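Asker: A single structure is presented below for examination.
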Amino acid sequence: MTDSLALRPLQIPDCLASVGLGWHPLLMRLHKQLTALASDYRVESIKEKFGGLRVSVADRFDADGEFDGDWADAASPLIQAAETMSRTICEYCGAPGQPRTRADRDGGWIKTVCEQCHPVRRPGTLPLRLTTEEQAAIADHADELGLSTSDYIAQAAARQATQWQHERNDLHKIAERRGTTLKQMLQRGILTDGTP
Numbered sequence: 347m348t349d350s351l352a353l354r355p356l357q358i359p360d361c362l363a364s365v366g367l368g369w370h371p372l373l374m375r376l377h378k379q380l381t382a383l384a385s386d387y388r389v390e391s392i393k394e395k396f397g398g399l400r401v402s403v404a405d406r407f408d409a410d411g412e413f414d415g416d417w418a419d420a421a422s423p424l425i426q427a428a429e430t431m432s433r434t435i436c437e438y439c440g441a442p443g444q445p446r447t448r449a450d451r452d453g454g455w456i457k458t459v460c461e462q463c464h465p466v467r468r469p470g471t472l473p474l475r476l477t478t479e480e481q482a483a484i485a486d487h488a489d490e491l492g493l494s495t496s497d498y499i500a501q502a503a504a505r506q507a508t509q510w511q512h513e514r515n516d517l518h519k520i521a522e523r524r525g526t527t528l529k530q531m532l533q534r535g536i537l538t539d540g541t542p
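Our numbering numbers the first residue of the sequence shown as 347 and each following residue consecutively.
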């Protein structure tokens, strides 16, 4: 890693592996929008939660240490739009999708997926539906990290598998604290499977 990369703030391309490949083009568009507002914006976290994308960016301050409200006012709607859009895009492959529960186990957690990727998806096995520009952006990011595109995709799939297990464990803990099961929580409407 060069010194300039080490000093660069953490931005969206650095966090792509924390969510499914299907959301990468959406995040890269958001990155371009945020970079146009402030090239040195900084990401605090990017994750999936209850089937939707969650993006947290750091507050910005001017040279006098004053909060940059203009930045917040401009960035917030862009982030909210991307988060809302994520609930219509399959996290795995990028096709149109909707929030659903995993059907391969009773009371599975919520993911936004398309019909093809629901109910079961094996990490790294589905084709991506990306434009040439989006494929180039992912290849460029993989190159920045010193990885081949296939290695980058394999690492993202491995991280997803670990993340899914953690999410499932978290939902089981919530159900246990409530003295119920995930299936019963779905039946009572505490969680939804994403169907209208």
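Glycine included, every Cβ here is placed at the ideal spot set by N, Cα and C. No experiment lies behind these values; they were computed from the predicted model shown.
#1: Is DSSP giving G415 helix, strand or coil here?
#2: So what does DSSP say about T471, is it helix, strand or coil?
#3: Using beta-carbon positions only, say whether T458 and P445 come within less than 7 angstroms of one another.
#4: Report buried or exposed for A482, applying the criterion of at least 16 other Cβ atoms within 10 angstroms of its Cβ.
#5: With a CB to CB cut of under 8 angstroms and the five nearest residues on each side skipped, what residues in its chain are close to Q501?
#6: If you run the structure through DSSP and keep just helix, strand and coil, what is L399?
#7: Cβ atoms of S432 and L399: under 7 angstroms apart, would you say?
#8: List the DSSP bridge partners of Q444.
#9: Closer than 8 angstroms is the cut-off here; do at least three beta carbon pairs connect the region 368–379 with the region 402–412?
#10: Give the secondary structure of S391 by DSSP, where H, G and I count as helix, E and B as strand, and everything else as coil.
#11: Just mark P359 as buried or exposed, buried being the case when its beta carbon has 16 or more other beta carbons within 10 Å.
#12: Exposed or buried, what is T447 when buried is set at 16 or more other beta-carbons lying within 10 Å of its beta-carbon?
Answerer: From the atom records:
#1: Helix, per DSSP.
#2: Confidence at T471 is low in this model, with a pLDDT of 41, below 50, so its placement is unreliable and the value that follows should be read with caution. Coil, per DSSP.
#3: A Cβ-Cβ contact shorter than 7 angstroms links T458 with P445.
#4: Label assigned to A482: exposed.
#5: Correct list, in chain order: A363, L493.
#6: The answer is strand: DSSP assigns L399 an E or B state.
#7: It is a contact, given that the beta carbons lie within the stated cut-off.
#8: In the DSSP assignment, Q444 forms a beta bridge with V459.
#9: Segment contact: the region 368–379 against the region 402–412, fewer than three CB-CB distances shorter than 8 angstroms; contact not assigned.
#10: Here S391 sits in strand by DSSP.
#11: Buried, since its Cβ has 16 or more Cβ neighbours within 10 Å.
#12: Its Cβ being crowded by 16 or more others within 10 Å, T447 is buried.
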